[in-house]
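In terms of the numbering used here, the sequence shown opens at residue 139 and continues consecutively.
Here a beta-carbon is modelled for each residue, glycine too, at the ideal position from N, C-alpha and C.
All figures in this text were calculated on a predicted structure; none of them were measured in a lab.
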Amino acid sequence: MGLEEFLAEWHNDSPTVLVHTSGSTGRPKPMLVEKRRMEASARITCSFLGLSEGDTALLCLPLDYIAGKMMVVRALTCGLKLITVAPSGLPCWTDHVDFAAMVPLQVWNLLHDAEGRERLRQIRHLIIGGGAIDDALAAELRDFPNAVWSTYGMTETLSHIALRRLSGPDASDFYTPFEGVTVSLNEDGCLVIEAPAVCEKPLVTNDIGSLAPNSSPAGRSGGGFRILGRKDNVICSGGLKIQIEEVERLLRPHLSVPYIITRARDEKFGEVVVLLVEREASAWADICRRVLPKHWQPRRIIQVAHIPLTETGKPARAEAERMAAQQS
């Protein structure tokens with residue numbers, strides 16, 4: 139979708155806009171979302187970041203998904219000056235930018251390009267979403283002079299409802315919810331979001347979380363929360379629950395090639411941990427034995443041509459599981 143096409147849809151008589159989910163846990167699905175709630179989300183973000191009319195906003199994301207659409211809506215709703223560049227892995231712009239949204243791959247590419255790195259450092263507020271921010275990327279952003287944020291949200295919340303600071307002395311592992319947003323945990327330890335301005339009903343997520351120490355006795359928090367992983371990504375192996383994201387986090391400093399942790403059915407254990415990796419598999423068994431707890435170590439290591447990703451660059455978990463089953 140191009141900008142003119144989206145603007146035509148935005149300014150038509152319909153109260154809704156068609157968006158698609160990212161497809162990280164299955165096939166992307168279409169959704170109709172209310173324009174008034176998108177406007178409310180735009181105002182909340184701009185208020186949180188202190189953005190004012192006339193500030194510049196960079197659009198370098200595709201308009202097929204909510205993240206790109208919301209950059210345009212923020213500009214329209216809050217009077218920001220929109221700078222548009224073609225979506226790419228290495229976006230290029232020349233104007234001063236007060237506010238930009240990118241995916242981790244774009245940020246990584248810019249950090250490793252001399253001119254791109256300097257442009258990135260000049261952005262007043264940079265928000266990063268649409269995929270995991272690993273420890274190495276976070277470390278490179280820690281000394282940035284301006285504000286760099288990790289986002290938490292999803293299509294159903296019309297982009298993000300909380301931000302986590304990555305740069306400067308205020309860097310944190312905890313996300314700060316926006317004004318009017320509260321979070322809690324259900325009996326499964328999953329995050330429940332109440333954001334009436336953008337969601338009509340409380341949203342029960344599949345994200346396993348923990349609340350900040352200052353949470354209320356009722357288990358609600360307006361002050362902060364941390365994400366441990368997704369409920370879908372728990373491997374039940376021999377009666378033990380293993381969080382896929384935690385296994386990947388421990389491997390990240392030691393594996394320099396693309397990889398993904400998934401699961402496969404097993405007669406003895408029910409499910410087992412499987413490592414898919416893009417290069418010769420034999421070299422990685424010793425690394426896994428060295429850095430992972432015994433019951434987290436992959437029972438199978440499979441070499442694949444490419445690690446499956448969604449169109450937005452997220453791990454395609456369902457496809458990885460299918461590949462593991464096929465290879466097993």
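With respect to T215, E177 sits close: the two C-beta atoms are nearer than 9 Å. Residues of the same chain with a CB within less than 7 Å of the CB of C230, apart from the 5 flanking positions on each side, are V223 in chain order. Residues A454 of the same chain have their beta carbon placed closer than 6 Å to that of L447, with the five preceding and five following residues left out of the count. The bridge partners DSSP lists for D404 are G408. Shown here for P283: same chain residues with a beta carbon closer than 7 Å to its own, the five before and five after excluded, namely R259 in chain order. Across the structure, E338 and R181 are spaced so that their CA atoms are roughly 17 Å apart. The alpha carbon of H263 has as its nearest neighbour, out of H250, R302, G227, the alpha carbon of R302. Between L341 and E294, the C-beta gap is smaller than 9 Å, which places the two residues in contact.
Taking L249 as the centre and dropping the five residues before and after it, the same chain places the C-beta of R255, L258, E278 closer than 7 Å to its C-beta, in chain order. Counted as a single uninterrupted DSSP element, the alpha helix (DSSP H) harbouring I425 occupies residues 422 to 429.
From the listed residues A421, T450, A458, E172, the smallest Cα separation to L296 is found for E172.
W434 and V235 have their C-alpha atoms some 44 Å from each other. Bounds of the beta strand (DSSP E) holding D345 are 341 to 349.
Within the region 220 to 251, the alpha helix (DSSP H) runs of at least 4 residues that lie entirely inside it are, in chain order, 242 to 249. With distances taken between CA atoms, Q244 lies nearest to I266 out of S348, A462, I266, R438.
Using a Cβ distance threshold of 9 Å, A423 and P431 do not count as a contacting pair. Cα atoms of D311 and K406: separation of roughly 37 Å, rounded to the nearest angstrom. Contact check for D151 against E449 fails: the beta carbons are separated by 9 Å or more.
Rounded to whole angstroms, the separation of the alpha carbons of R390 and V429 is 10 Å.
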